[in-house]
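The sequence shown lines up with residues -17 to -1, 1 to 509 when you count with mature numbering (1 follows the signal peptide of the UniProt record, and there is no 0).
Even glycine gets a Cβ: it sits at the ideal position worked out from N, Cα and C.
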Amino acid sequence: MKKLLLILISLPFAAGAQIITTIAGGGTITGLGDGGLATIARVPDPQCLAFDRAGNLYISDILENRVRKVDATGVITTIAGPGTVGIIGDGGPATSAYLHTPLGMVCDTFDNLYFADWSNYRVRKVNTATGVITTYAGNGTNIFAGSGDGGQATAAQFNSPVDVKFDRKGNLYIADNSAHAVRRVSPSGVITTIAGMGGLPGFSGDGGPATAAKLKDPRYLAFDDLGNLYIGEQLGRRIRRVDTSGIIQTIAGTGLSGYNGDSISATSANISPTGLIVFNNEIYLSTSDYRIRKINLGNDSIYTIAGTGVLGYNGDGIAATTAQFNNPAGLAERDCGNIYIADASNARVRQITSPPVLLTPAVTLSGITGYVAGSTVTVTATVSNAGINYTIHWMNDGTEFAVTTVPTVTYIKTAGTDTITARVVPMSTYSCYDSTTSAGHVVYVQTGIDCFATNQVFDIYPNPAYNVLNITGTDIKSVAIYNFLGQVMHTYGQARSPMQIDVSDLPKGVYFIKVNGLEVRRFVKQ
């Protein structure tokens, strides 16, 4: 949704039991059930999950060597792999391409699907618009981490690519578990190692650069809203965080497996993660002791939210804390904090839900301000009913330039007029989102004259204007008039010079006229 100011609000779930259900798999039909309802289909060994923006759920099935899709209506289909082990098929339909142990998945902003083709030592991409599959990273050779760093990802070698995730800048991160490293592919296709020491397993490096730290079996990746990377080490039995400056730290786990209680510090808890997601300032992990657990990053506490620690399956429609799992694996989140679990050896994908409660937000920004070009601009937001913890995504003319956890942002003013907007993302437990609008914040250059651009290429008269405004200049291609809130009042895509604009319908006040999307002048309407 694009508005002058988009504020994302929290809809925390009410207290009460979270219910678990099956949303795919568990069927006893002949065949896999493609083209029918996912709830009566067979999904023999679901491992990893991913959602696209449209709400389609993707499931990697390592027993069938397929990637399945459950659409928003609940119908399941195969979108990659015919069920045959191999590597052929690049450049053709993904449904005909051979896969070998597809695991971690993620969708980009265009809803294309990327997945780790583990035993083919590649990351592959399915263009969901055309259905064509290609290799995005890896040349199919099994070797230690670091091979190919600084070059194109398609020429790099992997040991065991197991999970993939995008950051907000479009970099793709790849967990190479047997190489004990995490690698990054830039939008231009260049690969580097960002965590781990080139195939050396172990535990070291906390508090220092992630590239100098040892990892052990990094299998699961996730990002928080601030861009910090979380790494789940299954055999290392820890969750580590790499912040945006590249420093690594352990935030959960002791290095020991087993279960030693809830409501304790996450760094004193024994864990063996088998799946990982992060949202709303909380970490959710599936574990090898048949539980789904939650870590609150605000108070460092760990809790069990599903599972009893007993292997099995004891039905659906029950409280999640009483449910049994059989090798819970990949996790995903969607729809107001609903959590999806690949219950691998139960051959099901399951969902934990809880009813939401709507809150009414109130958000405002500080008012219109004038600044000298080159000076520091400070914008302040007043946020209420968004929970205690939240992040604010700040945008200048629609382009994000900062993310903060406090309601204030600063930036350096340049020529022209800025429309500052903000998107507030609450980090409350089990929240979903709605949006509301608030008054915009316009920042203009305070120069003492009426021209806010570096080069004056046009003139306007009369100023003040009553019914018409005349524009003269050279190479005028487009004209737009904005009010003080940054709202567009008139646009002229086929502009010319000279030209006369009817402004009789504008209320009295101060306006800005922008020519060719750059040169800005201020005028008064009488």
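Looking only at its own chain, which residues have a Cβ that is under 6 Å from the Cβ of Arg331, when we skip the five neighbours before and after it?
As a working note, residue 331 is residue 348 in the sequence shown. Within the same chain, Arg331 has close Cβ partners Thr5, Gly8 and Gly9.
Beta-carbon proximity check, Ile266 vs Thr250, cutoff 8 Å
Within the sequence shown, the letter at position 283 stands for residue 266. Within the sequence shown, the letter at position 267 stands for residue 250. No, they are not a contact pair.
Quick check: the Cα distance between Tyr494 and Val168, rounded to an integer number of angstroms?
Residue 494 sits at position 511 when you count from the first residue of the sequence shown. Residue 168 sits at position 185 when you count from the first residue of the sequence shown. C-alpha separation (whole angstroms): 45 Å.
Within 10 angstroms of the Cβ of Ala303, are there 16 or more other Cβ atoms? Answer buried if so, exposed if not.
The residue you call residue 303 lines up with position 320 of the sequence shown. Its Cβ being crowded by 16 or more others within 10 Å, Ala303 is buried.
Assign Ile45 to one of three DSSP states: helix, strand, or coil.
In the sequence shown, counting from the first residue as 1, residue 45 sits at position 62. Of the three classes helix, strand and coil, the one that applies to Ile45 here is coil, per DSSP.
Can you give me the C-alpha to C-alpha distance between Val389 and Val408, rounded to a whole angstrom?
Translated into positions along the sequence shown, residue 389 becomes position 406. Translated into positions along the sequence shown, residue 408 becomes position 425. Taking the straight line from one Cα to the other gives about 12 Å.
Cα-Cα separation between Lys152 and Gly300, rounded to whole angstroms:
For this step, residue 152 is matched to residue 169 along the sequence shown. For this step, residue 300 is matched to residue 317 along the sequence shown. Those two C-alpha atoms are separated by around 40 Å.
So, do the stretch 40 to 54 and the stretch 75 to 93 have three or more beta carbon pairs nearer to each other than 8 Å?
yes
What residue ranges within the stretch 24 to 88 form continuous alpha helix (DSSP H) runs of no fewer than 4 residues, ordered along the chain?
none
Count the other CB atoms within 10 Å of the CB of Ala112; is the residue buried (16 or more) or exposed (fewer)?
Position 129 of the sequence shown holds residue 112. The residue is exposed, with fewer than 16 neighbouring Cβ atoms inside 10 Å.
For Asp245, which residues in the same chain have their Cβ closer than 6 Å to its Cβ, ignoring the five residues on either side in sequence?
Here residue 245 refers to the residue found at position 262 of the sequence shown. Excluding residues within five positions, the ones whose Cβ falls inside 6 Å are Tyr286 and Thr287.
Check whether the stretch 12 to 25 touches the stretch 56 to 64, taking contact to mean three or more Cβ pairs, one atom from each stretch, closer than 8 Å.
yes
May I ask you to report which of helix, strand or coil DSSP gives Thr113?
Working through the sequence shown from its first residue, we reach residue 113 at position 130. It is coil, neither helix nor strand.
Which value, in whole angstroms, describes the spacing of the CA atoms of Met482 and Ile443?
Counting from 1 along the sequence shown, the entry for residue 482 is found at position 499. Counting from 1 along the sequence shown, the entry for residue 443 is found at position 460. Going from the Cα of Met482 to the Cα of Ile443 covers about 10 Å.
Compute the distance between the beta-carbons of Gly182 and His163, then report whether it is under 8 Å.
Indexing the sequence shown from 1 puts residue 182 at position 199. Indexing the sequence shown from 1 puts residue 163 at position 180. Cβ atoms of Gly182 and His163: closer than 8 Å.
Quick check on Ala303: does DSSP put it in helix, strand or coil?
What you label residue 303 is simply residue 320 of the sequence shown in a count that begins at 1. Ala303 falls in the helix class under three-state DSSP.
List the DSSP bridge partners of Thr365.
Taking the first residue of the sequence shown as position 1, residue 365 is located at position 382. Answer is Thr347.
Given 8 Å as the limit, is there contact between the stretch 93 to 100 and the stretch 137 to 152, that is, 3 or more CB pairs closer than that?
yes
Exposed unless 16 or more other CB atoms sit within 10 angstroms - verdict on Gln509
Working through the sequence shown from its first residue, we reach residue 509 at position 526. Exposed, because fewer than 16 other Cβ atoms sit within 10 Å of the Cβ of Gln509.
Taking DSSP as the reference, what is the three-state secondary structure of Thr250?
The residue you call residue 250 lines up with position 267 of the sequence shown. DSSP places Thr250 in helix when its eight states are reduced to three.
Taking the C-alpha atoms as reference points, what is the distance between Gly185 and Arg166?
Working through the sequence shown from its first residue, we reach residue 185 at position 202. Working through the sequence shown from its first residue, we reach residue 166 at position 183. Their backbone Cα atoms lie some 17 Å apart in a straight line.
Run through DSSP, which three-state label would Thr397 get?
Start at 1 with the first residue of the sequence shown, and residue 397 comes out as number 414. Three-state result, Thr397: coil.
How would you label Asn264, buried or exposed, when you count the other beta carbons within 10 angstroms and need 16 or more for buried?
Here residue 264 corresponds to residue number 281 of the sequence shown, with the count starting at 1. Answer is buried; the Cβ neighbour count reaches 16.
In this structure, does DSSP put Thr5 in helix, strand or coil?
As a working note, residue 5 is residue 22 in the sequence shown. Thr5 falls in the strand class under three-state DSSP.
Compute the Euclidean distance between the alpha carbons of Asn39 and Phe206, then round it to the nearest angstrom.
Here residue 39 refers to the residue found at position 56 when the sequence shown is read from its first residue. Here residue 206 refers to the residue found at position 223 when the sequence shown is read from its first residue. The straight-line gap from Cα to Cα measures roughly 20 Å.
Length of the line joining the Cα atoms of Asn379 and Gln217:
Start at 1 with the first residue of the sequence shown, and residue 379 comes out as number 396. Start at 1 with the first residue of the sequence shown, and residue 217 comes out as number 234. Computed Cα separation, rounded: 41 Å.
If I'm right that Pro192 touches Ala158 with Cβ under 8 Å, what's the distance once you round it to whole angstroms?
Walking along the sequence shown from the start, residue 192 turns up at place 209. Walking along the sequence shown from the start, residue 158 turns up at place 175. With a Cβ gap of about 18 Å, Pro192 and Ala158 do not count as contacting.
Could you work out which residue in Tyr465, Ile395, Ile403 and Pro445 is closest to Glu383 when comparing CA atoms only?
The sequence position of residue 383 within the sequence shown is 400, counting from 1. The shortest C-alpha separation from Glu383 is found at Ile403.
Can you name the start and end residues of the beta strand (DSSP E) that Ala312 belongs to?
Here the question's residue 312 lines up with position 329 in the sequence shown. Residues Pro311 to Arg317.
Pick from Thr359, Tyr273 and Ser284 that is closest to Asn297, judged by C-alpha positions:
Position 314 of the sequence shown, counted from the start, is the residue given in the question as residue 297. It is Tyr273 whose Cα lies nearest to the Cα of Asn297.
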